[in-house]
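Q:
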Amino acid sequence: TIAHNDFMDIYLLAKCRFAILPHNGLKHLAMIFRTPIVGVNIIPFVGLLFMRSCDVCITKKLWLRREQRFMSFREIFESGVAMFTHTEKYEVMGVKVMENTPEEITAAAIEMDERLKGIGKTTEEDEELQQRFRDIVFKSKLPDGTFVKDILPLGLKCKISTEFLRQNKKLLE
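The following block contains the structure:
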C-alpha cells in the first residue's frame, strides 16, 4: 500500500507538463504553478469561464430523462442549469449528469500533449465549432434575463476539446 502524501500532490502539480483534473480545488494549485490543465467533468458549466487560455476542457453532458436526449449547450445556459451546484437541483429538473467517458478524457489529454509539443492541428471547421460554443455561452440569457457576457465580460479563454465538440455537434444547435 502506498501512503498518501499531500506534499507529493503539490510537487507533482508544480512539475508536470500538464494536469488532468476535475473542477475542484486542485485546479487552483495547478493555476498557481502555471501548469496547463485538461479540465474534465466540468460542472457547473460556468466553471469554464474561470479556466485559462492554456487549458483544454470537457464538460459533463446532461441527459433529460423525460425526453430521452441530451440538453443542448444553449438549453443548459438559458434554463439556468449551467449555474446548478447541487445534485438535488438536477434531480428536480429531471436531469441525469453524465460523467466524461475514458475516450473523451483520453482525446482531450492527447490534444493538450500535441498543443504543448506544437504539433496540434485544428481545421477551419474546428475553429468554427469553438466559435459556435463561445457564441452560445455569451449570447445566452439566464432565466433572470441577464446575459452571461454581462456577468463575465472577459470571455471564455479555454479551448473546449476539439474531439469533444466534433463528437457532440448536436449539442451546439
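Just so we're on the same page, my numbering is the position in the sequence shown counted from 1, plus 24. Even for Gly, the Cβ is constructed at its ideal location relative to N, Cα and C.
Quick check on Leu180: does DSSP put it in helix, strand or coil?
A: coil
Q: Pull up the distance between the alpha-carbon of Gln191 and that of Gly169, whole angstroms please.
A: Those two C-alpha atoms are separated by around 31 Å.
Q: I'd like to check one pair, Lys84 with Glu123: are the Cβ atoms closer than 8 Å?
A: yes
Q: Spatial neighbours of Cys78 within its chain, please: C-beta separation below 7 Å, excluding the five flanking residues on both sides.
A: Pro60
Q: Which term fits His110, buried or exposed, when burial requires 16 or more other beta carbons within 10 angstroms of its beta carbon?
A: exposed
Q: Need the endpoints of the beta strand (DSSP E) that Ile54 sits in, please.
A: Going by the sequence as given, residue 54 is Ala instead of Ile. Counting along the chain, Ala54 falls outside any beta strand (DSSP E), though it belongs to the alpha helix (DSSP H) covering Leu50 to Ile56.
Q: Of the residues Lys194, Cys182 and Glu197, which one's Cα is nearest the Cα of Ile66?
A: Residue Cys182 is the option with its Cα nearest to Ile66.
Q: Specify, as a first and last residue, the run of the alpha helix (DSSP H) that Ala132 falls within.
A: Pro126 to Lys141
Q: May I have the straight-line CA-CA distance separating Thr198 from Phe188, to the nearest angstrom?
A: Beyond the ends of the chain as shown, which are 25 and 197, falls residue 198; an answer cannot be given.
Q: Evaluate Cys81 with the Cβ neighbour count: other Cβ atoms within 10 Å of its Cβ, from every protein chain shown; 16 or more gives buried, anything less gives exposed.
A: Around the beta carbon of Cys81, a 10 Å sphere encloses 16 or more other beta carbons of the protein chains shown; the residue is thus reported as buried.
Q: What would DSSP say about Phe69, mapped onto helix, strand or coil?
A: helix
Q: Throw me the rounded Cβ distance for the Phe57 and Ala27 pair, which I believe falls under 8 Å.
A: At roughly 23 Å, the Cβ-Cβ gap does not stay under 8 Å, so Phe57 and Ala27 are not in contact.
Q: Here's a check: name, in chain order, each residue in its chain whose Cβ is nearer than 6 Å to the Cβ of Ala132, leaving out the five neighbours to either side.
A: Correct list, in chain order: Val62, Val80, Ile82 and Ser185.
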